[in-house]
């Protein structure tokens, strides 16, 4: 509860429309990026952490610049799952799927989604925490407050039929959480 009280008011909004690159600091203190869809799915992730935020931002630009260069590789890992990776001109891996797919076709479709969404995706910086508004599988709008390391601090607990209602819920939390009393049962 203390984390919500401390982080809710200064937290920024992350709006994925339909995707955005999220630039954040991980648990080890390194800067990373991930391409996130408005449904909350992570489509791509940095293959390494960076010591400086601007290096993570540069890596996002490298991803955008590399999309059309046929530098995606779909491969089968040692568990029999298919994955993809994107390499820069110097042959260093700069982004990965982060998850495995049961067949090659699904991994290739994931590459196509990256090529479709990444060029227009905004780069969003996460301070200590940020609110995400997303649409779930039931087409309900929800919010969650995430720490910059990706850990969930809080979620709205209910779905809304409209995005603006979820945003109103966030505004209520931002207004009320910092001074709220903690009641123990």
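Residue numbers (the working numbering): 17 to 201.
Where a beta carbon is used, it is the ideal one built from N, C-alpha and C, also for glycine.
message: Using only the alpha-carbon positions, how far apart do residue 56 and residue 94 sit?
response: Here residue 56 refers to the residue found at position 40 of the chain shown. Here residue 94 refers to the residue found at position 78 of the chain shown. Answer to the nearest angstrom: the Cα atoms are 28 angstroms apart.
task: Answer with buried or exposed for residue 180, where buried requires no fewer than 16 other C-beta atoms within 10 angstroms of its C-beta.
output: For the purposes of this step, residue 180 is taken as residue 164 along the chain shown, with counting starting at 1. Exposed: under 16 other Cβ atoms inside 10 Å.
query: Using a Cβ-Cβ cut-off of 7 angstroms (strictly less than) and excluding sequence neighbours within five positions of residue 16, which residues of its own chain qualify?
result: Residue coverage of the chain in this structure runs from 17 to 201, which leaves residue 16 outside it and unanswerable.
Among 91, 51, 167 and 165, nearest to residue 140 - alpha-carbon criterion: The residue you call residue 140 lines up with position 124 of the chain shown. When each option's Cα is compared against that of residue 140, the closest is 51.
query: Is residue 113 closer than 8 angstroms to residue 104 when the C-beta atoms are compared?
result: By one-based count along the chain shown, residue 104 stands at place 88. By one-based count along the chain shown, residue 113 stands at place 97. Result no, Cβ atoms of residue 104 and residue 113 do not sit closer than 8 angstroms.
query: When the Cα atoms are used, what is the spatial distance from residue 77 to residue 34?
result: In the chain shown, residue 77 corresponds to position 61, counting from 1. In the chain shown, residue 34 corresponds to position 18, counting from 1. In a straight line, the C-alpha of residue 77 is about 18 angstroms away from that of residue 34.
field: First through last residue of the beta strand (DSSP E) which encompasses residue 101
entry: Numbered from its first residue, the chain shown carries residue 101 at position 85. Segment 98 to 103, the beta strand (DSSP E) holding residue 101.
For residue 69, the three-state DSSP class (helix, strand or coil): Within the chain shown, numbered from 1, the residue matching residue 69 stands at position 53. Reduced to three states, the DSSP call for residue 69 is helix.
For residue 175, the nearest candidate out of 164, 197 and 151 (CA to CA): Taking the chain shown and counting its residues from 1, the one referred to as residue 175 is at position 159. When only C-alpha atoms are compared, the closest one is 151.
Per-residue burial, residue 128 [other beta carbons within 10 Å of its own, 16 or more giving buried]: On the chain shown, position 112 is the one that residue 128 refers to. By the 10 Å Cβ count, residue 128 comes out exposed.
task: Could you check the C-alpha separation between residue 99 and residue 59 for me, to the nearest Å?
output: Reading the chain shown from its first residue, position 83 is the one you call residue 99. Reading the chain shown from its first residue, position 43 is the one you call residue 59. So the two alpha carbons sit approximately 12 angstroms from each other.
query: Opposite residue 170 in the DSSP bridges: which residues?
result: What you label residue 170 is simply residue 154 of the chain shown in a count that begins at 1. 161.
- prompt: Three-state secondary structure (DSSP) at residue 36?
  reply: The residue given as residue 36 occupies position 20 in the chain shown. Here residue 36 sits in strand by DSSP.
message: For residue 140, list the residues DSSP reports as bridge partners.
response: Stepping through the chain shown from its first residue, residue 140 is reached at position 124. Answer is 38, bridged to residue 140.
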